[in-house]
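Quick note on numbering: my numbering labels position 74 of the sequence shown as 74, and the sequence is numbered without any gaps.
Below is one structure, written out as structure tokens; comments come after it.
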Amino acid sequence: MNQLIMTSKSPRRTPTPPPLPPCEQLQLNKAELSKMVTFRKHKLACIQELQAMPDHHPEDPFYARAAAELQEIEETIQIAVSDMTLPPPL
């Protein structure tokens with residue numbers, strides 16, 4: 001069995017942009033947090049609508065996925081909030 005040996009150059013990387021000033025980074029973080037809160041609100045509304053259906057079953061894959069996504073959103077929000085309340089590194 002012949003094996004193909006790949007000898008390619010490493011792909012060019014996009015240079016990392018310079019870090020934002022602290023006040024701009026905080027503003028960006030707050031905007032991202034606001035989006036996550038909106039996602040949580042709408043995901044929660046979807047779950048409540050599913051629960052209100054007469055044939056609702058918690059083990060339904062669609063419901064289970066929505067609940068898992070809501071849990072992930074809530075965990076991400078908690079991390080974001082805790083990161084924003086930490087003092088900046090010296």
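No residue lacks a Cβ here, since even glycine has one placed at the ideal position from N, Cα and C.
TODO: Assuming Leu28 contacts Leu20 (C-beta within less than 8 angstroms), just tell me the rounded distance between them.
DONE: Working through the sequence shown from its first residue, we reach residue 28 at position 28. Working through the sequence shown from its first residue, we reach residue 20 at position 20. About 7 angstroms separates the two Cβ atoms, so the contact holds.
TODO: Leaving aside the five residues before and after Leu44 along the sequence, list all residues of the same chain whose C-beta is less than 7 angstroms from its C-beta, in chain order.
DONE: Position 44 of the sequence shown, counted from the first residue, corresponds to residue 44. Hits under 7 angstroms: Leu70.
Open item on the list: Give me, in chain order, the residues of the same chain whose beta-carbon lies closer than 7 angstroms to that of Val37; leave out the 5 immediate sequence neighbours on both sides.
Closed with: Taking the first residue of the sequence shown as position 1, residue 37 is located at position 37. Closer than 7 angstroms at the Cβ level, and outside the excluded window around Val37, lie Ile77.
Open item on the list: To the nearest angstrom, how far is the alpha carbon of Glu75 from that of Glu59?
Closed with: Translated into the one-based positions of the sequence shown, residue 75 becomes position 75. Translated into the one-based positions of the sequence shown, residue 59 becomes position 59. Each residue's Cα considered, the two are about 22 angstroms apart.
Task: Selected residue, minimal CA-CA separation from Gln51, among Arg13, Ala66, Glu72 and Glu24 - done: In the sequence shown, counting from the first residue as 1, residue 51 sits at position 51. The shortest C-alpha separation from Gln51 is found at Ala66.
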